[in-house]
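Take a look at the structure set out below.
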Amino acid sequence: MVLIADATALPGKGDDLRRALLESIPQSLAEADVSTFRLHEDRDRPGHFTLYQRFRNQHAVDLHVQTNHFALSVEALAQFAEGGKPQVTFYRVLSR
């Protein structure tokens, strides 16, 4: 299962949002059923971030959203992102 989250930082808050999202990655990758957790920034639109996350299954997602580092990311998004949260899309993996 793949989850893609897109968020755009509020004006002047790109560095804050980038830092907060980057801080959560090592803890997320330490979770047993998380295989990929990559943060990307649009090279033409600084402050626009896409987080690509790959989980083994829905149960892994359910566990992830209960972690402290997820809660800290949610707080950072509420404080630094337009709309206070990302646009999230879930995907089924069809090929390897």
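Under the numbering used here, read the sequence shown as residues 769 to 864, first letter to last. Glycine included, every Cβ here is placed at the ideal spot set by N, Cα and C.
Boundaries (first-last residue) of the beta strand (DSSP E) holding Val-802: 802-809
Among all the DSSP beta bridges, which residues are the ones paired with Phe-848? In the DSSP output, where bridge partners are listed per residue, Phe-848 has none listed.
Among residues of its own chain, excluding the 5 on either side of Asp-774, which ones have a beta-carbon nearer than 6 angstroms to its beta-carbon? Thr-818, Pro-854 and Gln-855
Under three-state DSSP, which class holds Leu-771? strand
Could you tell me the alpha carbon to alpha carbon distance between Ser-863 and Gln-821, rounded to whole angstroms? 16 angstroms
Which residue comes first and which comes last in the beta strand (DSSP E) that contains Leu-831? Leu-831 -> not in any beta strand (DSSP E); alpha helix (DSSP H) instead, spanning 826-832.
Mind reading off the beta-carbon distance from Val-829 to Phe-823? Whole number of angstroms is fine, and I expect it under 8 angstroms. 5 angstroms
Span separating the alpha-carbon of Glu-809 from that of His-816: 6 angstroms
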